[in-house]
Structures are given as C-alpha cells and as structure tokens.
Amino acid sequence: MDDINQLREAVRNSPDNLPLRKFLANALMKSERYEEAEVEYKDALRLAPDSTDLKVGLAEAFQGQKKTGVGLVLIEELVNRPQPPARAWLVYAKLLLQSQQAEEAKEAYENAIVLDENLRDNYLESEINLRMKAPSEPEKIKLRASGAEAGEDIRDGIDIERPKVSFDDVGGMDKVKEEVRMKIIHPLKHPEIYKAYGKKIGGGILLYGPPGCGKTHLARATAGEVASNFIAVGISDILDMYIGQSERNLHAIFQKARSLKPCVLFFDEVDALGASRSDMRHSAGRNVINQFLAELDGVEYDNEGVLILAATNAPWHLDSAFRRPGRFDRIIFVPPPDGAAREAILRIKLKGKPLGDINYSRLIKKTDGFSGADLEAVIDLAIESKLEEAMRKGAPSPLETSDLENAAKKHRATTKEWFSTAKNYALFANEAGIYDEILHYLKIK
Ligand SMILES: Nc1ncnc2c1ncn2[C@@H]1O[C@H](COP(=O)(O)OP(=O)(O)OP(=O)(O)O)[C@@H](O)[C@H]1O
Ligand SMILES: [Mg+2]
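Numbering (this note's numbering), first residue to last: 5 to 449.
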C-alpha cells in the first residue's frame with residue numbers, strides 16, 4: 005500500500021480529523037493528483053468552512069486542472085481580505101498567468117515573495133517574464149497621444165445629448181423599466197410626494213448583464229423618457245495617467261450634469277474602476293474610487309435632478325462600497341430578452357422596412373439566447389441576402405420569415421459565454437445573494 009492509500013485508510017477511520025485530511029489533500033497535490041485533491045479539499049472545507057489554508061489548497065487544485073475561472077474567483081476573495089497569506093498570492097500569480105494576465109501575475113508573485121522569500125519559484129518567475137510583453141513602440145506613442153497633456157481637462161470634451169428614443173423603443177425589460185420609474189423618474193417628476201414621506205431622493209441604479217442586451221440603450225431611453233439631457237461617460241475615457249487628473253475629470257463631469265439638470269448621467273463599463281482587481285490596488289485607483297463615492301453621496305454638491313445610471317458586464321469587479329445605500333443601491337440584472345421581448349425588439353427594429361407576413365412565434369423559437377444586438381445582426385444579415393436577391397432579379401421584394409430564419413441559423417448567440425463566467429461568480433462569490441437573479445435565470449436556484 006502506498007502512502008496515499010495509507011492516508012486514505014486513516015481518514016476513513018477518523019473522518020473528522022482535520023489535520024489528517026489536510027495532509028492527505030496536500031500529499032495528493034504533491035503527486036499532481038489534482039482532481040482527487042480537489043475532492044479532499046472540498047470535504048475538508050465542509051469541516052472547516054473558513055479555513056484559508058484549505059481554500060488556498062482548493063484554488064491550487066483548480067489551477068492544476070486548468071479550472072482557471074473558478075480558481076480565480078476563489079482566490080480573489082482571499083487576496084482581497086486584510087493580510088492574505090503569502091501562499092494565496094503565489095497561487096493567485098499562477099492562476100493569473102494561466103489566464104494570460106502576465107503583468108498582474110508578476111505583481112501577485114512579488115507580493116508573495118515579499119511576504120515569504122521561501123516561496124521563490126524560478127520556473128514560475130521565468131514563465132511570467134517570458135510572457136510579459138515588452139511595450140512596443142507604437143503603443144508607447146499611443147499612450148502619449150491619448151493621455152493628453154498634464155493639466156488638460158475633459159470639460160470641453162463632454163458630449164451632451166438629447167435622446168429621441170424613449171421606453172417605447174425598448175423591447176421587453178418591463179421589470180427594469182419599472183425599477184427605473186420608481187427609483188429615478190417618479191422622484192424627478194414628483195419630488196413633493198417623496199419628500200412628504202421623508203424619503204431621501206438619490207442614489208443610482210447599476211445595470212449588469214451579458215453584452216448587447218440593452219443596458220446602454222435603456223439608459224439613453226431613460227433620458228428620452230423624461231426629456232432630459234444625457235451624458236454618457238465611458239470610465240476608461242476619464243481615467244488619466246496623470247496623478248489627480250482622473251479625479252478632476254470625474255468631478256468636472258458631475259458638475260456639468262448638475263448644471264444641466266434634469267440630466268441622466270450614465271457611466272458605462274464602471275468595472276474599469278476595478279478595485280477588486282489586483283492592478284487597481286494602486287493608490288491612484290483608490291483615489292478615483294473615493295472621488296466617485298463622494299460625488300455619488302452628493303454631500304458637497306447637491307445631486308438633485310441628476311439621475312445616475314451605470315452599467316457593467318462584470319459587477320464582481322466593482323468595489324462593494326458602491327453598493328451602499330444612497331449609492332448604487334439598486335442592482336438590476338438585465339437578462340437576454342425572453343420570447344415576448346424578442347418579438348417586441350424584432351418589431352421595433354423591423355419597423356418601416358418592406359415586410360411580408362412575418363411569423364414572429366417561429367422566429368422566437370429560432371432565437372433563444374439571442375441578445376438585442378444579436379437580433380439586429382440577424383436583421384442585417386437577412387437584409388443583405390435580400391439585397392443580393394433583388395440585384396439578381398432586378399426588383400426588390402419584401403423581407404419574409406424565412407429570410408430571417410435563415411439569417412438566425414447563421415448567427416450564434418453571443419450571451420452564452422458571459423453566462424459561463426457569471427455562473428462561477430454567482431455560485432462562489434454571491435455575497436448577500438446579489439447574483440441570485442443569474443442563478444434563477446440559469447435555473448440553478
Ligand atoms: N430591449 C431592447 N430593445 C430594443 N433594442 C435593443 C434592446 N436590447 C438591445 N437592443 C439593441 O441592441 C444593441 C445593443 O444594445 P446595448 O448597446 O444597449 O447593449 P448593452 O447591454 O449596453 O451591451 P454592452 O454590455 O456590450 O455595453 C443596441 O443597438 C440596441 O438598440
Ligand atoms: Mg453598453
């Protein structure tokens with residue numbers, strides 16, 4: 005009987021002996037039997053659910069099996085706690101490298117060896133260095149060009165829109181529309197009622213979900229709905245490499261919105277603020293976040309009349325401080341459109357085009373999992389094929405159900421990939437059930 009079998013036998017005889025279980029799991033790791041190690045770590049975690057050691061072990065077992073996504077979710081939760089153990093950084097570095105994030109891996113690795121010089125790993129080190137891309141010349145130039153001069157500010161560059169689209173142009177999303185009405189449209193139109201109940205007006209809504217399902221579209225339509233100004237800001241546009249400039253940019257944008265009220269202020273890709281990503285632990289990142297929080301709180305300047313919306317595909321990268329009351333205290337999942345919503349979207353997008361008798365229920369069956377953007381792509385494809393046909397025949401003919409069906413066959417739904425990542429977070433990092441809606445959608449819960 006080999007050592008591992010002896011250990012297994014011992015564990016069988018005293019199943020509650022935690023050190024023994026840990027020993028077995030570690031032995032399995034040493035023999036690169038990662039799958040079995042995963043099982044053992046999980047069993048041990050049932051006895052000691054808070055053990056950091058065991059979680060680091062489990063993350064490493066995931067890493068050994070190239071289950072990078074789950075591994076990262078698990079380990080990021082650990083390294084974001086105060087004083088994570090050195091080994092957690094090391095495993096984090098390995099996982100980051102596995103997910104092609106060499107620079108972040110280097111940083112995590114450095115954190116590990118600062119804490120514990122014994123963790124030095126020559127192989128890992130050379131792998132990281134190998135994959136760190138040297139900044140190429142063109143990239144350096146680009147950085148300089150887009151970074152603008154120190155001190156230059158964004159004020160002149162803020163685009164103000166008066167959107168013509170309204171909620172009627174948004175198919176489905178009834179629940180989301182209702183939330184937006186309650187949280188920001190009604191308070192704007194009837195502030196006296198809210199005040200009578202002593203309800204503080206303020207805070208924003210964070211929309212999250214797979215790409216192309218109408219987050220940006222809905223934000224714009226919200227502004228159209230109340231005939232207000234609309235300012236859309238991509239977070240990466242305000243992040244500036246000069247210290248302090250990002251904060252000033254952010255403040256300038258809020259001030260602009262305050263001066264234009266009523267105004268819908270929309271922040272896209274807010275996850276770029278990071279905070280839970282290793283590369284955002286720098287103080288500059290922290291300062292921008294603090295500035296953002298202060299602006300949201302509206303202590304120094306009043307945010308009345310400013311409706312704040314934000315969107316992200318990766319809410320798990322957002323600092324939880326954003327979710328406190330008065331900030332983004334409504335977090336709304338924007339799922340791919342269901343059948344009725346897909347029909348509504350198709351009807352909206354097909355309006356005004358030459359149409360035959362369209363059988364919508366057939367199209368709905370062929371477009372399960374399609375986003376609004378996917379449906380637009382399908383219509384585009386169908387029109388292209390129709391144009392070819394019209395050129396051949398020398399005469400235009402209306403778009404038929406079959407044209408759209410054929411186009412749908414050629415197009416793959418783009419939301420599936422997002423769900424495979426989101427599922428990991430919903431399963432393993434679902435604090436306070438914030439991602440329950442994802443699990444409901446996936447019929448897991
Ligand atoms: N419910 C909807 N009703 C009408 N059009 C929609 C709807 N959902 C998406 N669309 C259309 O699909 C396209 C993509 O939508 P939008 O840009 O709002 O998606 P998003 O959720 O913001 O995606 P991303 O996460 O990639 O930013 C837009 O052109 C929009 O008009
Ligand atoms: Mg968008």
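We put the beta carbon where it would ideally sit given N, CA and C, even for glycine.
Euclidean distance between Cα positions of Glu-156 and Ala-48: In this prediction, Glu-156 scores a pLDDT of 45, lower than 50, which makes its location untrustworthy; the coordinate-derived value is nonetheless stated afterwards. Cα-Cα distance, rounded: 56 angstroms.
Collapsed DSSP secondary structure at Glu-441 in the structure displayed: Of the three classes helix, strand and coil, the one that applies to Glu-441 here is helix, per DSSP.
Start-to-end residues for the beta strand (DSSP E) that takes in Phe-296: Per DSSP, Phe-296 belongs to no beta strand (DSSP E); it is in the alpha helix (DSSP H), 287-301.
Run of the alpha helix (DSSP H) containing Arg-91, from where it starts to where it stops: 90-102
Stretch-stretch touch, CB-based, cutoff 8 angstroms, three pairs: the region 168-181 with the region 329-347: Segments in contact, yes.
Classification of Tyr-127 by the beta-carbon crowding that lies within 10 angstroms, buried from 16 upward: exposed
Endpoints, the alpha helix (DSSP H) within which Leu-385 is located: Following the DSSP letters along the chain, one finds Leu-385 inside the alpha helix (DSSP H) bounded by residues 376-397.
For Arg-334, three-class secondary structure by DSSP: strand
Residues bridged to Leu-210 [DSSP beta-bridge criterion]: Within the DSSP bridge table, the entry for Leu-210 names Ala-314 and Ile-335 as partners.
Close Cβ partners of Leu-211 (< 6 angstroms) along its chain, the five nearest in sequence each way excluded: Lys-219, Ala-315, Ile-336 and Val-338
Exposed unless 16 or more other CB atoms sit within 10 angstroms - verdict on His-221: buried
Residue burial classification, Arg-148 (beta-carbon count within 10 angstroms, cutoff 16): Caution is warranted here: a pLDDT of 34 is assigned to Arg-148, below 50, making its placement in the model unreliable, and the coordinate value is therefore given only provisionally. Counting Cβ neighbours within 10 Å, Arg-148 comes out exposed, since fewer than 16 surround it.
Leu-123 in three-state terms, based on DSSP: helix
Inter-residue CB distance, Gly-360 and Pro-402 (contact presumed, cutoff 8 angstroms): 4 angstroms
Asn-84, DSSP secondary structure in three states: It is coil, neither helix nor strand.
Per-residue DSSP class, three states only, for Glu-107: DSSP, read as helix, strand or coil, puts Glu-107 in helix.
Rounded C-alpha distance that separates Ile-188 from Lys-265: 13 angstroms
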